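A short worksheet on the structure shown next.
4 protein chains.
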Amino acid sequence: MTSSTASSAARFSGVVPPVATPLNTDGTVDHGSLARLVDHLIDAGCTGLFALGSTGETAYFTETQRVEIARTIVETTAGRVPIIAGAIELTAGRIIETARALTAVGVDAIVTTAPLYTLNSPAEIAAHFRTIAAAIDVPLWAYDVPVRVHTKLSLALLMELAAEGVIAGVKDSSGDDVGFRRLLAANEAAGHPLQLLTGHEMVVDAMLLAGADGVVPGFANVEAEGYVRLWDAATRGDWDAARTEQERINALFEVVFQPTGLSGDATGVGAFKAAMVARGIIDHAVMAPGVEALDDAAVEKIRAILDAHDLLPA
Amino acid sequence: MTSSTASSAARFSGVVPPVATPLNTDGTVDHGSLARLVDHLIDAGCTGLFALGSTGETAYFTETQRVEIARTIVETTAGRVPIIAGAIELTAGRIIETARALTAVGVDAIVTTAPLYTLNSPAEIAAHFRTIAAAIDVPLWAYDVPVRVHTKLSLALLMELAAEGVIAGVKDSSGDDVGFRRLLAANEAAGHPLQLLTGHEMVVDAMLLAGADGVVPGFANVEAEGYVRLWDAATRGDWDAARTEQERINALFEVVFQPTGLSGDATGVGAFKAAMVARGIIDHAVMAPGVEALDDAAVEKIRAILDAHDLLPA
Amino acid sequence: MTSSTASSAARFSGVVPPVATPLNTDGTVDHGSLARLVDHLIDAGCTGLFALGSTGETAYFTETQRVEIARTIVETTAGRVPIIAGAIELTAGRIIETARALTAVGVDAIVTTAPLYTLNSPAEIAAHFRTIAAAIDVPLWAYDVPVRVHTKLSLALLMELAAEGVIAGVKDSSGDDVGFRRLLAANEAAGHPLQLLTGHEMVVDAMLLAGADGVVPGFANVEAEGYVRLWDAATRGDWDAARTEQERINALFEVVFQPTGLSGDATGVGAFKAAMVARGIIDHAVMAPGVEALDDAAVEKIRAILDAHDLLPA
Amino acid sequence: MTSSTASSAARFSGVVPPVATPLNTDGTVDHGSLARLVDHLIDAGCTGLFALGSTGETAYFTETQRVEIARTIVETTAGRVPIIAGAIELTAGRIIETARALTAVGVDAIVTTAPLYTLNSPAEIAAHFRTIAAAIDVPLWAYDVPVRVHTKLSLALLMELAAEGVIAGVKDSSGDDVGFRRLLAANEAAGHPLQLLTGHEMVVDAMLLAGADGVVPGFANVEAEGYVRLWDAATRGDWDAARTEQERINALFEVVFQPTGLSGDATGVGAFKAAMVARGIIDHAVMAPGVEALDDAAVEKIRAILDAHDLLPA
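Protein chains in written order, with this note's numbering: chain C, 11 to 324; chain H, 11 to 324; chain S, 11 to 324; chain U, 11 to 324.
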């Protein structure tokens, strides 16, 4: 389908957090905590949910697990906000299988990356997105995350796919602020065919000033209200308030820099999960299979940061 | 299982080509051509087969397609040589599912890489291989291909996994000749727990001189006899003959440098498939879904190189 | 010397453009054009000058040429604004020689990078800056430009050098907006020992909102008034005006994306020089020795962009 | 000048070690040790010397120091073998100044890399080598070391410069064994215009089998006799003897993997210098300014490796 036929509900904007995946101590999905987390996010004012993204540790789950995670998110959300789900797989044929399984349980849009493992040209990557879009019944988004995919989606590629109606939006975690600014300008000049969300959660005030349509903040799993306030301040043009809120969030975001000696996945999501447990949002800080746990010292530092901001329960 | 319990049939050595995947013009697997290809390889003297590797375009196929490809290779081989199959997926849980599906149709060993898409530490990568090895009934090999995986498997990691019996061998496509030489020496010092195959098919004479146990040559899909002669020369210590054969092969290998302006996957496998069609080994040079085809000029140059070496049918 | 003894004149902030180096058709420095350029920049309201940076093509000049370029900039400036000069060389001993030659002609501060060509640890890079700072009589700045140096200066390293008084500021061209935001916060928490200038000239509004002390905009060589207006708007907290000005500048900045098929150095500085000639600021668009010239088609596109913004002389 | 006019003395082949630079405890050049080292290398049968390369820590020295180092090497050599010297600097104009200073003291050839710090196209890099070759009176070599220069010199570029007589040889430290093999074949097909030396000192047997003209082994500073024996074995076609010698050397080469936690420059050259002191070849293991020293534990491990091979003085 093309973006022009997408329901307005799927025009994601504002605060669209990537939903973490709480697990039980035996490694199974903790559906109770997951439902509580979804309510926490929606109650705080988030305007959409991003299921099965990197923060959701989607790469570590089997197809069966992915579907059950999506189902709980869809059922708990119950239509209150739209849901976009990651279909992270190697290539188009496999992505389509995953995307269909996820849309079957009711997600409103699909987001995917350039192919993984393969060595493709820009023309092949464009064809990849076209093939997927033609095979699914919901809007397709492009996820630009070179640190994981090792390919940068170019401005020309994204605007070409936008003009064709192949993609409805971009989640940008490219680490290329100049590239994102040029994308914002080109999108505006083309009549805003794309919704453009930034994943750079420490510079959201700046990216909203620059014209981003919203943010996908992993830290919202720990505290969503701040990003909602930031978004509201930006929407009313109060940039000093937006910056003040961003700086408060950034001081909190230092939780992710407390663990040392661990992998990128263990550190980032691990810090979020530890903070979520400390706040009582989820029950266990269990990581996806194969990802190392934080040690007690790191958890204690994380609790101290939350405490200093009055974010621990009484 | 551990390598010590692996059947001797699975101690891969010598010439173990990665089997290409011939397709029909409608994109389905051309089982007739695939069977002919398997016979071509075994008849020429290859001592093992590597199914569903990068040359086999495995990343582009669905699970269903992968299983039917493996089945045809297994059935055509009929036990004449051992078969190792790639289980190329994101993370351990998903790899195990693929590996079990492949071993169920009869492959003798599984080879896989470090996780894809994720951001892991060496300790997490070691755990990844341990988890997979514990869950399958055939020997596990490590595939070191940083150009695709964006992670280099370190000497320390590989030797640790070897000492534990987690991996039975390594297919090295790392592009790090010094690292491979150190691995050969460390493996020898440890009593040769690993079989070490090089994927650097233009320097096989040199790698065999250095002590490699064999080679995984993509070009064998086009002409396997050369690599068998090279291996035989090296086995009897006739290094001048090995070099002469390598240089003949390398002149032929220039087929992969004829296409211009295409992706890495289109160029390498595309050149092999064009040459295989020219030689009558397979029926069509159709590429995996999403990969661009060679143009006529490139195909003509490839034919000319084969012709100059008397490799075209009369 | 330490930053605490730096004259207030050398507390660079606001708009501090990197001065391009106009050349004659025989490749010698065009001192007349260079003097006109310096006046253009200062008259427009720039608050400092960055001599011999990447935009100044400093890497392509011999020591003799560097000194004569610095001398013309110093003499033309005549104390109206402070001047910071790049001492871009391989390692500390060589950098000190260059820095002393430049301070001898009167520049107010020196900026340099981590070592080039060598393979150093963070501790060695810290020692590198300490050695240089101890050997020169003006404040030292760190220049973080990984695309050229292939080393990222870490937050910990920069704050350590700041605490010791080794560096007085940082020119950030790291392409890491999150890292820069954390540096801004850490610097503020430490009492603002560093002046922090961004080189990301397409997102200056955003970086000033985030707290940057100023900008080093190459495009100011073509039109400096816009950046001065942007800085003034930001200073008075009018972020909508700042964004509007940034967007006007960004539309103009597209000049650097007009050339195709050339190197990074040929494209960026080449576009600036072509635009400067079109505007009558310098006489020739001659590039540093070894850098290719733009073709006529690119120059024409650049002129058209300027013309559309009424930036060509009547 | 062109390679066709180069004296036969400058057709470097065989064992051409990069000469380390011994320093006194006050950081000045230890000319006595340097002279002893040169004699050690020539007496062992080395067929040329590579002055002021990476192993010679050339990047850390000022122009004055470089000239005095070259002078001692030239005077001690006294014409017994030809000397090629590195002119490692940012760009052509600066390289020419360095090259002329070095040829003035009598080196027989100059080797340099692609430009540093700059962002150049292949055409600009070709022009860079042409400009330098035209400005000096001795043969020019290309040094391909992407780990330091962050640019790979392509096969097409090198063969184009060879055909024009711009370069007389290549010192390959590219880490790309397949690329080097293709270069060897292309050079042979073109009539061997280039001398091709490998810097991969752990795989010299393999590279000589593949056709390399010689080797630039850093470890020869510690023990040169092994590489001479290896070269002699290869020359007479005794590849088993060549491999045996290579494996003996590689066991010794493990000295460079003993230091931990230090930079690449500290580790490699540091291990060589520690071993040279242990063997009595030089007086001090002082590193170039800014490079950290090995700790006692690393030095002790290095001594133990030498001792196990009977390489310590009685």
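Glycine is no exception: its CB is placed at the ideal position from the N, C-alpha and C atoms. From a predicted model like this one, the values you see are computed outputs, not experimental measurements.
Classification of residue i by the beta-carbon crowding that lies within 10 angstroms, buried from 16 upward
i: residue 97/U; result: buried
i: residue 18/H; result: Note that residue 18/H scores 46 on pLDDT, short of 50, meaning its location in the model is unreliable and no value can be drawn from it.
i: residue 65/C; result: buried
i: residue 38/S; result: exposed
i: residue 101/C; result: buried
i: residue 76/C; result: buried
i: residue 306/S; result: exposed
i: residue 157/S; result: exposed
i: residue 250/S; result: exposed
i: residue 324/H; result: exposed
i: residue 246/H; result: exposed
i: residue 74/S; result: exposed
i: residue 134/C; result: buried
i: residue 208/U; result: buried
i: residue 108/C; result: buried
i: residue 314/H; result: exposed
i: residue 202/S; result: exposed
First and last residue of the uninterrupted beta strand (DSSP E) at residue i
i: residue 60/C; result: 59-61
i: residue 96/C; result: 93-96
i: residue 277/H; result: Note, residue 277/H: premise wrong, no beta strand (DSSP E); alpha helix (DSSP H) at 274-289.
Cβ-based neighbour list, residue i, same chain, cut-off 6 Å, excluding 5 preceding and 5 following
i: residue 44/U; result: 32, 82
i: residue 125/S; result: 101, 138
i: residue 132/H; result: 167
i: residue 262/U; result: 319
Identified DSSP bridge partners for residue i
i: residue 120/C; result: 95/C, 150/C
i: residue 28/H; result: 60/H
Span of the alpha helix (DSSP H) around residue i
i: residue 162/C; result: Careful: residue 162/C lies outside any alpha helix (DSSP H) and carries neither H nor E.
i: residue 236/H; result: 235-245
i: residue 76/H; result: 73-87
i: residue 263/S; result: 249-263
i: residue 104/U; result: 102-114
i: residue 22/S; result: Per DSSP, residue 22/S belongs to no alpha helix (DSSP H) and is neither H nor E.
i: residue 229/H; result: Here residue 229/H belongs to no alpha helix (DSSP H), and DSSP marks it neither H nor E.
i: residue 141/H; result: 132-145
i: residue 33/S; result: Element bounds for residue 33/S: n/a, residue is neither H nor E.
i: residue 49/H; result: 41-53
i: residue 317/U; result: 306-318
i: residue 216/U; result: 214-219
Other residues of its chain near residue i: CB distance less than 8 Å, five sequence neighbours each side excluded
i: residue 90/U; result: 52
i: residue 278/U; result: 65, 228, 266
i: residue 301/S; result: 67, 70, 273, 275, 276, 279, 280
Same chain only: Cβ atoms within 7 Å of residue i, ignoring 5 sequence neighbours per side
i: residue 256/S; result: 214, 215, 240
i: residue 309/C; result: 284
Which whole runs of the alpha helix (DSSP H) in the segment 175-207 of chain S are 4 residues long or more, in chain order?
-> If only complete runs of 4 or more residues are kept, the segment 175-207 of chain S shows the alpha helix (DSSP H) at 187-199, in order along the chain.
Please name the residues in the segment 219-250 of chain U whose beta-carbon is closer than 7 Å to at least one beta-carbon of chain D, in chain order.
-> No chain D appears in the structure shown, which is made up of the protein chains C, H, S and U.
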